[in-house]
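Chemist:
2 protein chains.
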Amino acid sequence: MKFQAPKGTRDFYPPQMAWRNYLEDAWRRVSVRNGFEEVEGPIFEPLDLYKVKSGEAIVNELFHFEDRGERELAIRPEFTPTLARMIAAQANALPRPIKWFSIPNLCRAERPQRGRLREFLQWNCDIVGTDSPVADAECIFTAVDLLAELKLRPDQVKVRISHRQAVQRILSDSGVSEDQMPAAFELIDRREKIPPEEFATGLTKLGLEPDGLGEFTTSFQQRYNAGFTEKKSVDPDWETYCPSWGHEVLEPLDRQIVNFGIADWCEYDLGIVRGLAYYTGIVFEIHETTGALRALAGGGRYDKLIELFGGPPMPAVGFGMGDVVLTEVLSDKGLIPPDLRPGPDVFIIGATEQGAQHITGVAALLRRAGLHARFSYKTTRNLSKLLREAADAGARFAVILDDRTTSSSTGAVAIKDLQTKDGQQADVALAWNSNGHSLVRHLQNKLRQDLNQQGG
Amino acid sequence: MKFQAPKGTRDFYPPQMAWRNYLEDAWRRVSVRNGFEEVEGPIFEPLDLYKVKSGEAIVNELFHFEDRGERELAIRPEFTPTLARMIAAQANALPRPIKWFSIPNLCRAERPQRGRLREFLQWNCDIVGTDSPVADAECIFTAVDLLAELKLRPDQVKVRISHRQAVQRILSDSGVSEDQMPAAFELIDRREKIPPEEFATGLTKLGLEPDGLGEFTTSFQQRYNAGFTEKKSVDPDWETYCPSWGHEVLEPLDRQIVNFGIADWCEYDLGIVRGLAYYTGIVFEIHETTGALRALAGGGRYDKLIELFGGPPMPAVGFGMGDVVLTEVLSDKGLIPPDLRPGPDVFIIGATEQGAQHITGVAALLRRAGLHARFSYKTTRNLSKLLREAADAGARFAVILDDRTTSSSTGAVAIKDLQTKDGQQADVALAWNSNGHSLVRHLQNKLRQDLNQQGG
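First to last, the sequence lines map onto chains A and B.
Here the first sequence is numbered in the working numbering, starting from 1 and rising by one per residue.
Here the second sequence is numbered in the working numbering, starting from 457 and rising by one per residue.
1) If you reduce the DSSP assignment to three classes, tell me which class Tyr-734(B) lands in.
2) Drop a sphere of 10 angstroms on the beta-carbon of Trp-888(B), count the other beta-carbons inside from all chains shown, and report buried for 16 or more, exposed for fewer.
3) For Leu-505(B), which residues in the same chain have their Cβ closer than 7 Å to its Cβ, ignoring the five residues on either side in sequence?
4) So the candidates are Arg-108(A), Asp-189(A), Glu-72(A) and Gln-454(A); which of them puts its Cα closest to the Cα of Pro-460(A)?
5) Residue ranges of each beta strand (DSSP E) run of no fewer than 3 residues wholly in the stretch 131-204 of chain A, ordered along the chain?
6) What does DSSP give as the partner residue(s) for Phe-461(A) in the beta ladder?
7) Looking only at C-alpha atoms, which of Ser-408(A), Arg-153(A) and Glu-119(A) sits nearest to Gly-355(A)?
8) Pairing CB atoms from the stretch 472-488 of chain B with CB atoms from the stretch 584-596 of chain B, are three or more of them under 8 Å?
9) Helix or strand or just coil, what does DSSP make of Thr-217(A)?
10) Can you pull out the residues from the stretch 394-413 of chain A whose beta carbon lies closer than 8 Å to at least one beta carbon of chain B?
11) By the DSSP assignment, the alpha helix (DSSP H) with Gly-817(B) in it spans what residues?
12) Tell me whether the stretch 309-322 of chain A and the stretch 83-102 of chain A touch, counting them as touching only if at least three CB pairs, one residue from each stretch, are closer than 8 Å.
13) With a 10 Å radius around its C-beta and 16 neighbouring C-beta atoms as the bar for buried, classify Val-690(B) as buried or exposed.
14) Of all the options Leu-602(B), Gln-909(B), Thr-685(B) and Arg-823(B), which has the alpha carbon lying nearest to the alpha carbon of Trp-579(B)?
15) Taking a cut of 9 Å between CB atoms, which residues from the stretch 771-804 of chain B lie near chain A?
16) Got a sec? Which residues, its chain only, sit under 7 Å from Thr-736(B) by beta carbon, not counting five neighbours each side?
17) Quick check: the Cα distance between Gln-509(B) and Leu-822(B), rounded to an integer number of angstroms?
18) Within the same chain, show all residues whose beta-carbon is closer than 7 Å to that of Gly-350(A), passing over the 5 residues directly before and after it, in chain order.
19) Are the C-beta atoms of Val-495(B) and some chain A residue less than 8 Å apart?
20) Mind checking if Gly-912(B) is an interface residue toward chain A, Cβ cutoff 8 Å exclusive?
21) Since Val-590(B) meets chain A, which of its residues come closer than 8 Å, beta carbon to beta carbon?
22) At least one CB of chain B closer than 8 Å to the CB of Thr-9(A): is that the case?
23) Rounded to whole angstroms, what's the CA-CA distance from His-828(B) to Ala-849(B)? Just pull it up for me.
24) May I have the straight-line CA-CA distance separating Gly-731(B) from Ile-559(B), to the nearest angstrom?
25) Just to confirm, does Pro-182(A) get its C-beta within under 7 Å of one of the non-hydrogen atoms of the ligand SAM?
26) Taking the alpha-carbon positions, what's the Asn-901(B) to Ser-384(A) distance?
27) Could you pull the DSSP bridge partners for Asp-427(A) from this structure?
28) Rounded C-beta distance between Arg-374(A) and Pro-344(A)? I'm assuming under 8 Å.
29) With the cut-off set at 8 Å, would you say Asn-105(A) and Leu-121(A) are in Cβ contact?
30) Of all the CB atoms in chain B, is at least one closer than 8 Å to the CB of Gly-261(A)?
31) Quick check on the DSSP output: the beta strand (DSSP E) that includes Arg-20(A) runs from which residue to which?
32) Over what stretch of residues does the beta strand (DSSP E) that includes Arg-374(A) continue unbroken?
33) Classify Gly-879(B) as buried or exposed, calling it buried when 16 or more other Cβ atoms lie within 10 Å of its own Cβ.
34) When the cut-off is 8 Å and only beta carbons count, does Cys-125(A) lie next to chain B?
35) Please confirm whether Arg-368(A) and Ala-549(B) have their CB atoms less than 8 Å apart.
36) Please check the pair Asp-725(B) and Ser-618(B), which I expect to be a contact at CB under 8 Å, by giving their CB distance rounded to whole angstroms.
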């Protein structure tokens with residue numbers, strides 16, 4: 001009987017897990033230095049939690065079930081409803097602004113395809129309790145800080161920024177009525193995913209000429225670089241290629257993007273609307289510049305959501321970045337380090353039967369002192385075979401136990417440096433003195449020297 | 457509309473999450489130094505995967521559902537079936553022994569009670585591909601290494617060790633037939649959870665006298681300390697209180713436990729059988745010595761399981777340790793550090809309007825250099841209020857920006873040490889030189905001094 005991982009899910013063997021941990025560590029490190037604190041929630045939530053935010057249609061995209069008390073539950077497809085629920089429950093006790101990040105695994109019952117799996121990881125950062133454009137820009141900065149941390153460059157990935165109110169104003173100027181607005185947003189969001197005829201039909205349904213979006217279609221296709229506040233002041237021709245409607249809503253954000261020093265990572269693109277109806281202000285997506293893949297990340301301002309989940313009115317902005325597309329982009333660019341699995345500090349070798357009696361005792365001593373120590377499970381005492389096993393494991397040092405190795409105060413072991421060509425070897429006493437255990441001290445000093453050399 | 461976390465699940469706000477990360481870090485650190493490599497699998501698996509291992513009855517304890525392709529799936533209640541599936545799929549490609557650890561979240565559809573939730577974390581360590589008692593003892597050592605890492609002592613928690621074959625031999629000597637054996641194991645496993653009458657009825661059903669388990673009931677209640685191999689050689693009375701049947705199966709393990717130096721953490725208790733039918737050799741549980749709580753951890757040898765999942769015959773030993781009981785024990789003993797949330801390295805203060813223009817720029821500079829930097833979202837320029845906010849955040853240094861702070865090469869900031877009583881203050885240039893940015897270098901040097909002082 002052979003089983004496979006369910007469709008659209010992944011097994012993380014040690015090499016894949018090492019990459020996953022590398023990525024999670026980077027997400028966590030960047031979040032913390034940007035002042036976010038980590039949170040987590042349950043893997044499943046009441047099904048209604050998702051219906052409230054996204055409507056009845058979401059149910060088909062969820063893995064849902066009933067518990068024995070006939071409560072309807074669903075595996076989380078996103079983290080925002082959990083975040084909103086947690087904030088609504090404690091709104092008055094939490095100092096503001098609330099800056100939270102999380103790294104949940106999420107599940108969606110959709111057809112697996114490139115860049116889209118049924119289970120994936122998503123890094124979320126949210127700032128709740130301030131409507132300042134500083135918070136908008138700080139979310140974008142945090143995402144960019146992560147991209148730079150993973151050695152991506154601004155010519156390889158771009159943050160494409162838009163604003164719900166700007167898009168709405170243009171649509172409204174083109175004759176789209178208030179109640180057609182959601183359908184219009186959805187149509188624009190899907191534009192690059194559907195055939196031109198379908199887009200044209202959609203426009204007709206909205207009461208617009210198939211080729212008649214006029215200023216809008218031109219405008220939302222027009223991408224101009226961030227930093228326009230600065231450009232405007234030095235460029236007399238600015239007004240001719242930067243439509244005036246964009247300034248009012250985007251200028252406060254633009255100024256902060258310049259202050260954060262990330263204008264070269266950002267561009268404006270009013271074709272970005274994000275499918276989710278709950279955004280109220282800026283929206284953004286991060287794309288690889290060749291545009292071949294789905295978005296690496298997406299987010300925006302959602303000032304009404306906490307209230308929807310029973311909390312007080314609280315402005316909020318945030319974004320999510322999945323692991324699947326990000327890993328594909330990094331892999332394409334050759335930015336996945338080749339060997340992320342840590343080798344042991346020490347590999348312990350029993351070169352004689354008497355020496356071998358002490359392998360596990362020495363391993364215990366070193367491990368308890370915090371050293372990563374391994375040994376062979378083979379019964380061979382052949383030194384060169386065992387040294388090869390140590391080298392294959394990527395060990396920094398071999399500790400060789402032989403007939404001189406006893407538990408008395410005169411016991412000794414040999415330490416062999418496996419990363420110098422001459423394989424330098426030294427004898428060390430196997431005994432306790434006033435500074436602790438001599439073998440432990442000796443190895444700790446050696447490893448500290450390595451660290452200082454790397455750091456300096 | 458207010459929502460709550462589903463019954464038996466937890467919300468991890470920043471303080472709870474900081475503890476969870478502290479625990480996960482300890483699990484990960486101890487695993488790695490003991491030579492285990494991390495793996496992960498999907499949050500849900502085919503329902504059959506659990507039926508194969510545990511029978512049809514397991515279905516009631518699972519959260520299960522169908523996907524749109526009518527595949528029966530279940531949220532994982534344990535990690536071992538995933539591990540066995542992954543090993544069976546790659547058995548020939550993996551170097552042996554396979555030493556894997558994982559920290560999955562698991563879900564069980566049971567009634568929440570003290571020490572038992574519907575969603576919890578479990579640390580798993582397994583050694584697959586060797587039947588050596590060294591591997592048995594190494595699993596126990598790794599668990600003990602974790603307990604010691606969290607500052608528990610051998611008088612507070614004990615590993616209670618038993619052996620399936622020893623228990624089986626005693627039951628068989630008492631007249632229990634081969635096909636009654638599983639029921640007998642289950643009865644013994646539940647002994648401390650059921651009333652004495654129910655236990656007596658169970659014995660009758662097995663064809664044993666209610667008070668007639670004779671040697672067995674006495675034996676399995678008798679707990680003697682690990683290290684009996686050594687004691688036996690020096691203690692002439694040993695045979696009188698250590699029943700002979702235990703020696704044959706337990707002595708090889710006992711010798712390794714002594715070698716690993718953990719005899720004081722271990723005791724033998726043949727009342728430990730573990731409910732799960734798949735164990736084939738040693739079994740163990742870790743209990744708080746007062747016995748008030750459920751087991752902290754449990755494991756044992758399961759030599760037939762990889763085959764059951766379609767792999768080659770491969771001996772295996774491992775254990776799981778949940779976060780719920782462990783956290784309760786550590787909390788009872790006062791071993792949960794009070795504040796685990798890291799304060800920022802730097803809090804940036806805009807003391808004048810002109811200085812405030814540069815807050816986000818300086819934040820960006822410091823964060824990109826790896827420093828944890830925060831600032832106030834308030835618009836006040838009141839220095840003492842802002843210094844209070846910095847201190848409340850637990851910041852190490854305040855960086856104060858004022859009218860002297862410009863982006864030109866003569867710009868400067870003041871740095872205030874928030875952890876010395878006199879609040880030492882120094883001016884630093886805000887400019888690039890051949891060593892990088894002067895402010896970054898200054899702060900990095902200061903923080904390195906802190907680290908060296910802590911380390912030395």
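Glycine included, each C-beta is placed from N, C-alpha and C at the ideal position.
Modeler: According to the structure shown:
1) Coil.
2) Looking at its Cβ environment, which holds fewer than 16 other Cβ atoms inside 10 Å, Trp-888(B) is exposed.
3) Only Pro-537 and Arg-541 meet the Cβ criterion.
4) With chain A running from 1 to 456 in the structure shown, residue 460(A) is simply not present.
5) Segments of the beta strand (DSSP E) lying fully in the stretch 131-204 of chain A: 157-163.
6) With chain A running from 1 to 456 in the structure shown, residue 461(A) is simply not present.
7) The shortest Cα separation from Gly-355(A) among Ser-408(A), Arg-153(A) and Glu-119(A) belongs to Ser-408(A).
8) Note that the stretch 472-488 of chain B does not touch the stretch 584-596 of chain B; fewer than 3 beta-carbon pairs, one per stretch, sit closer than 8 Å.
9) Reliability fails at Thr-217(A), whose pLDDT of 49 lies under 50, so the model's placement of it is uncertain and the value that follows must be treated cautiously. Thr-217(A) falls in the helix class under three-state DSSP.
10) Within the stretch 394-413 of chain A, no residue qualifies.
11) Counting along the chain, the alpha helix (DSSP H) containing Gly-817(B) begins and ends at 815-824.
12) Because the criterion of three Cβ pairs below 8 Å is met, the stretch 309-322 of chain A and the stretch 83-102 of chain A touch.
13) By the 16-neighbour rule on beta-carbons within 10 angstroms, Val-690(B) is exposed.
14) Minimum Cα distance to Trp-579(B) is reached at Leu-602(B).
15) Cβ contacts with chain A: Arg-797, Pro-798, Pro-800 and Asp-801.
16) These residues qualify, in order along the chain: Arg-620, Arg-757, Tyr-758, Asp-759 and Lys-760.
17) Note on residue identity: the sequence assigns Lys, not Gln, to residue 509(B). Rounded to the nearest whole angstrom, the CA to CA distance from Lys-509(B) to Leu-822(B) is 53 Å.
18) So the qualifying residues of the chain are Ala-356, Ile-359, Arg-381 and Leu-401.
19) Closer than 8 Å: yes.
20) Because the pLDDT at Gly-912(B) is just 46, under 50, the model does not fix this residue reliably, and the point stays unresolved.
21) Residues of chain A whose Cβ lies closer than 8 Å to the Cβ of Val-590(B) are, in chain order, Thr-360 and Tyr-377.
22) For Thr-9(A), the answer is yes, since a Cβ of chain B falls inside 8 Å of its Cβ.
23) One C-alpha to the other measures close to 12 Å.
24) Near 22 Å, if we compare the C-alpha coordinates of Ile-559(B) and Gly-731(B).
25) As presented, the structure is devoid of all ligands, the ligand SAM included, so that no description of it is given.
26) Ser-384(A) has its alpha-carbon roughly 45 Å from the corresponding atom of Asn-901(B).
27) Per the DSSP secondary-structure output, Asp-427(A) pairs in a beta bridge with Ala-414(A).
28) Correct: roughly 4 Å between the Cβ atoms.
29) Their beta carbons are under 8 Å apart, which means Asn-105(A) touches Leu-121(A) by this criterion.
30) Closer than 8 Å: yes.
31) Arg-20(A) -> not in any beta strand (DSSP E); alpha helix (DSSP H) instead, spanning 14-33.
32) Note, Arg-374(A): beta strand (DSSP E), 373-375.
33) So Gly-879(B) counts as exposed.
34) Between Cys-125(A) and chain B, the shortest Cβ-Cβ separation is not below 8 Å.
35) With respect to the 8 Å criterion, Arg-368(A) and Ala-549(B) are not classified as neighbours on the basis of their beta carbons.
36) That belief holds up - the Cβ atoms of Asp-725(B) and Ser-618(B) are roughly 6 Å apart, short of 8 Å.
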